[in-house]
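Report on one structure; see the data block that follows.
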Amino acid sequence: MVAKNTAPTAIRADDCVAADESLVRAFDLLGKRWTGVLLGTLSSGPVGFRALARAVPGISDSVLSDRLAELTEAGLVARAVAGGPPVSVTYTLTEAGRALLPALEQIRRWAECHLTTRGVGSSSTPALRPTRRR
1294 MVAKNTAPTA IRADDCVAAD ESLVRAFDLL GKRWTGVLLG TLSSGPVGFR ALARAVPGIS
1354 DSVLSDRLAE LTEAGLVARA VAGGPPVSVT YTLTEAGRAL LPALEQIRRW AECHLTTRGV
1414 GSSSTPALRP TRRR
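Just so we're on the same page, my numbering is the position in the sequence shown counted from 1, plus 1293.
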C-alpha cells in the first residue's frame, strides 16, 4: 500500500492575500520598540517625562523623546506644558490613544500565554513557546 501525501500544499504567490494598508500604517507606528509599552504606561493618566523614564526600565531619554514626539504627531498622545516656575510637561493619552487600550490588553494577555519571560528590558526578542491547546 502506498501512503498518500497528506501535507498541506503551499499557497501560490498569486493566491496570497495582499497586506492590508491599514495594518501596515498601524504597525509602522506601533511596531517600533517601546511604543506599545509607553501607551500602556500612559493608561493611568497624565505622566511627566522623568516618571515615564523611570516606569519603562531600559528606554533611553532620546528614544523616549522620539517616541513621545511620534505619538503626539500621530494624535495618540497629548503634550501639555504648565507654566512655572518650574515649567512642567505632562503626557496623556488622547481619545484615539485610549481607543488602543483594549487591543493592548489583548496583546498583553496573548504574550502572557504564548511568550516566555526573558526579564524586563531584555534586548533580545522573546522566544516563542508552544501554543496551549484548549
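We put the CB at the ideal spot given by N, CA and C, even for glycine.
What are the start and end residues of the alpha helix (DSSP H) that includes residue i?
i: Val1330; result: Thr1328 to Thr1334
i: Ala1392; result: Glu1388 to Ala1392
i: Ala1346; result: Phe1342 to Ala1348
Identify, in the order they occur along the chain, each residue of the same chain with its Cβ nearer than 7 Å to the Cβ of residue i, setting aside the five sequence neighbours on each side.
i: Ile1259; result: Here the chain has residues from 1294 to 1427 only, and residue 1259 is not among them.
Skipping 5 residues on each side, what residues in its chain have a beta carbon closer than 6 Å to that of residue i?
i: Thr1365; result: Arg1372
i: Asp1307; result: none
Identify the continuous beta strand (DSSP E) that holds residue i and give its terminal residues.
i: Leu1322; result: Premise fails: Leu1322 lies in the alpha helix (DSSP H), Glu1314 to Leu1323, not in any beta strand (DSSP E).
i: Val1374; result: Val1370 to Ala1375
Looking only at its chain, what residues have a beta carbon closer than 8 Å to the beta carbon of residue i, apart from the 5 residues adjacent to it on each side?
i: Gly1335; result: Checking the sequence, you will find Leu at residue 1335 rather than Gly. The residues are Leu1345, Val1370, Tyr1384, Thr1385, Leu1386 and Gly1390.
i: Leu1357; result: Trp1327, Leu1331, Phe1342, Leu1345, Ala1346 and Val1349
i: Gly1338; result: Thr1385
i: Ser1381; result: Gly1341, Val1374 and Ala1375
On the criterion of 16 or more Cβ atoms from any shown chain inside 10 Å, does residue i qualify as buried, or is it exposed?
i: Val1374; result: exposed
i: Arg1360; result: buried
i: Val1340; result: buried
For residue i, write down the residues that DSSP places opposite it in a beta bridge.
i: Ser1358; result: For Ser1358, which the question treats as bridged, DSSP gives no partner whatsoever.
i: Val1382; result: Val1374
From this set, the options, which residue's C-alpha is nearest residue i's C-alpha?
i: Phe1320; options: Ala1367, Trp1403, Ser1381 and Arg1402; result: Ala1367
i: Leu1397; options: Lys1325, Gly1333, Cys1309 and Gly1324; result: Gly1333
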